[in-house]
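In order, the protein sequences belong to chains D and H. First residue of the first sequence? That's 1 in the numbering used here, and the numbers climb one at a time after it. First residue of the second sequence? That's 1001 in the numbering used here, and the numbers climb one at a time after it.
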Amino acid sequence: MPEFREEHLDVNGVDTAVFSAGEGPPFVFFHGAGTVTGFDCLLPLAERFRLIVPHHPGFGASADDASVDDIHDYVRHYLDLLDLLGVEEFSLGGLSMGGYLAASFSIYQPHRVRRLVLGAPIGLRVREHPTIDIFSIPDEELLGYLTEDMSIFEGKVPMPPTPEFLAERYRESTSTARLFWKRVYDLKLTRWLHRLTMPTLVVWGDADKLVPVEQAAVWAEHIPNAEVRILPGVGHLIFDESAEAVDAIADFVGAELTV
Amino acid sequence: MSALDGIKLYFFHHHHYIDIPDDHERYRATMVDYPNSLYDPEKGYELYERHFRSILRAEQLGFDGICLNEHHSMTYSMSPTVGLMAARYVTATDRCPIMVAGTPINLQYPNRVAEEYALLDVMSGGRMEYAFPLGTGMEYWANEGTVNPTTARKRFRESLDIILRAWTEDGPMRYEGDFYTYRYLNVWPKPYQKPYPKCFIVGTGSEETVQLAVDYGMGYSIVFVPIPSQLKAFARFRELAAERGRTVEPDDLIIVVMAYVADTDEEAVREAQPHIETFFSWFHRVTPRFLVPPGYVTTKEFLRRASDAAMADSTKATWDDMVSIGRIACGSPDTVAETIVNWCEEAGAGRVNVVLENGDMPEWKIAKNTTLFADEVMPRIRARIGGKTADRELATAGVK
């Protein structure tokens, strides 16, 4: 199995950690609002692609940027980062907040994104099936909201949690709150999803307790060229929980290579 | 440190909603998500009347001032809009200063706070004083989401700037901040006192709030945190002020003291202890999440708190813990006076917000405690530290 190489880039003044593995056509992955479980679950993708997993400013090994208070600030950050990496055309995926970010990026620069994978993205207001407000979940219940498979936290969440672990979670929660304290959706997003003309895979676990699986249909309705893949029994952290979900990325993104 | 030459004793009141349900153990917090179906307006009315009596009694007994505060969505306080509360006391009193301590200004448009506070100052003929709190973490959970805890401190600073400019500069003026834009900032009325009423920053002793008090030339009012933290904050305040060439006067520093007076130390502890314990175990009951919303403190400060055993859950503190970390003066008149004098001298503080009503204390104890404090403790404190004797005859004569 390939391993990640960690490099740090100065992106417009912000020290940004980028984890890369493998060779081939680039696949960039935007993570969700936490880095606890790491991204080793994605490493099988490195056997076919140049896998690039940057940590967002304010998360994991990247520095804080208190000026980021909007999803568009992250889009602009990644315009710079991809220039630094020399990545022009690529396939893009993201989970949860990262899915929302991937969709936002692709609205602005659809010509650069060959194939798009949206994993249980936030960003839409679906009144009948609302995204759960993560800030309102009591600490002791949070892990249960994130996954159907608690084993994914083994060796990654100290029990009892250390002050350092809690502080790092507080930091990531702060970075999340900078964007989403008021709301986790953009009321105007559906109006612009028509710009996602690239082949798009919407992948969701049907046991997602945070972002209901019913939202998948709303994305598919507004994206011109979307297919939906529902994974039975899988919770919100789909790529940690399900090797099948990672395989689905490989098949979907790889399909372009065999055309 | 300069010797104190006087001390101001203010009667500080929480306006608790006092009704503890039989199944109280099941609630994680008495704030933020404590259900308001448990609020009984008839009970609320009785309590407002009782609290009103307590505060008027304090004025009549010769306290140097009264102090009111504001909190939101909690049983701890029935005062979600302290300006309205103050208006009631402005018209019901005619002597003492009234400190409003205060609306968390982030929860309101700053021009509204400037107007409301100036209005009170004019209505009272210049008896108002103001202390500005950032607002507890709980206030940010209870408030509209536009006010983001991650930018609370920046917004607080900008709000203060707007209020002071609105009070001190001639309008109309244009203001373009990061959070607020005014085309015509031009508040009517402006304060009665010039340039503006005595003001304080309310804080827990963090570097940021101390710095703010220095930057704006205000006093510092410290909340109920462990005494060593209070002393450290005051020392830092003096140090930063000295760098600006400012001498911190005793009148710039407020400590909060919980006091209970009885004939003997034993009687005082016996009568006060259960209510002060209830104050911490019930009225302070809150979850860590509510206490510190995301971004309300820095990650570094969060780590310091998470690592500090002394910062552990105050609702589980024992009586001895409370007495040793906090300013709880409980005993005979000699004991209470001696304790308060020592604390003031140690802190160099010329102001004390005295809390004489805590937790679920019945009215007879409040009346007894307040009267004994006024009759027996105040003269002892003044004999030690000096300062004026309250114009109590005048006050009593003025009661209609």
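Even glycine gets a Cβ: it sits at the ideal position worked out from N, Cα and C.
Annotation for H/D1265: G1331, S1332 and T1335 place their beta carbon closer than 6 Å to its own, counting only its chain and skipping 5 residues before and after.
For D/E6, the CB contacts under 8 Å within the same chain, skipping 5 residues up- and downstream, are A17, V18, F19 and A61 in chain order.
Inter-residue distance for D/G119 and D/R76 is about 21 Å (C-alpha atoms, whole angstroms). Here H/N1186 is exposed, its C-beta having fewer than 16 other C-beta atoms within 10 Å.
At least one CB of chain D lies nearer than 8 Å to the CB of H/S1307. Distance check between H/F1200 and each of H/S1054, H/P1041, H/C1067 and H/L1047 places H/C1067 closest, using alpha-carbon atoms only. Per the coordinates, the alpha-carbon of H/M1258 lies some 6 Å from the alpha-carbon of H/R1327. The residue from D/L237, D/D133 and D/F252 with its alpha-carbon nearest to that of D/S151 is D/L237. No Cβ of chain D is located within less than 8 Å of the beta carbon of H/G1137. DSSP places D/R48 in the coil class of the three-state scheme, outside both helix and strand.
Annotated as proximal: D/A245 and D/F239, with beta-carbon spacing under 8 Å. The secondary-structure analysis by DSSP pairs H/I1098 across a beta bridge with H/I1066 and H/M1128.
D/D139 counts as exposed, since fewer than 16 other C-beta atoms from the protein chains shown sit within 10 angstroms of its C-beta. Looking at the backbone, the Cα of H/M1031 and that of D/I107 are separated by about 42 Å. With a threshold of 8 Å between beta carbons, H/F1179 makes no contact with chain D. Contact between D/S67 and D/F27 fails: their C-beta atoms lie close to 29 Å from each other, not under 8 Å. In this structure, DSSP gives H/Y1296 a state outside helix and strand, which the three-state scheme calls coil. In the same chain as H/G1125, and ignoring 5 residues on each side of it, the C-beta atoms closer than 8 Å to its own belong to Y1192, in chain order.
Within chain D, F135, Y170, S173, T174, T176, A177 and W181 have C-beta atoms less than 8 Å from the C-beta of H/P1294, given in sequence order. DSSP places H/W1282 in the helix class (H, G or I) of the three-state scheme. Per the Cβ contact rule, the segment 1356-1368 of chain H is not in contact with the segment 1315-1324 of chain H (fewer than 3 Cβ pairs under 8 Å).
For the pair H/I1385 and H/D1121, the Cα-to-Cα distance works out to about 30 Å.
For the C-beta of H/R1289, the chain D residues within less than 7 Å are, from N- to C-terminus, P138 and D139. Not flagged as an interface residue toward chain D: H/P1104, since no C-beta distance is shorter than 8 Å. Straight across, the Cα-Cα distance linking D/V228 with D/L116 is about 12 Å.
Annotation: the continuous beta strand (DSSP E) that includes H/V1261 extends over L1253 to V1261. Assignment of D/T35 by DSSP, reduced to helix, strand and coil, places it in the coil class. Rounded to the nearest whole angstrom, the C-alpha separation of H/K1154 and H/Q1230 is 23 Å. The CB of D/E164 comes closer than 9 Å to the CB of L1303, A1306 and S1307 in chain H, given here in chain order. The beta carbon of H/H1015 is closer than 7 Å to those of H1051, S1077, M1078 and S1079 in its chain, skipping five residues each way along the sequence. Rounded to whole angstroms, the Cβ separation of H/I1098 and H/R1053 is 17 Å, and the two are not in contact under 8 Å. Inclusion of D/Y170 and H/T1150 in the CB contact set at 8 Å is not warranted, their separation being larger than that value.
Taking 7 Å as the Cβ-Cβ cut-off, the segment 1142-1175 of chain H approaches chain D at G1145, T1146, N1148, P1149 and T1150, given in chain order. Against chain D, the beta carbon of H/T1299 has neighbours under 9 Å at D64, A167, E168, Y170, R171 and T174, listed in chain order.
For H/M1173, the enclosing beta strand (DSSP E) has its first and last residue at M1173 to E1176. In the displayed model, H/K1368 falls within a helix according to three-state DSSP.
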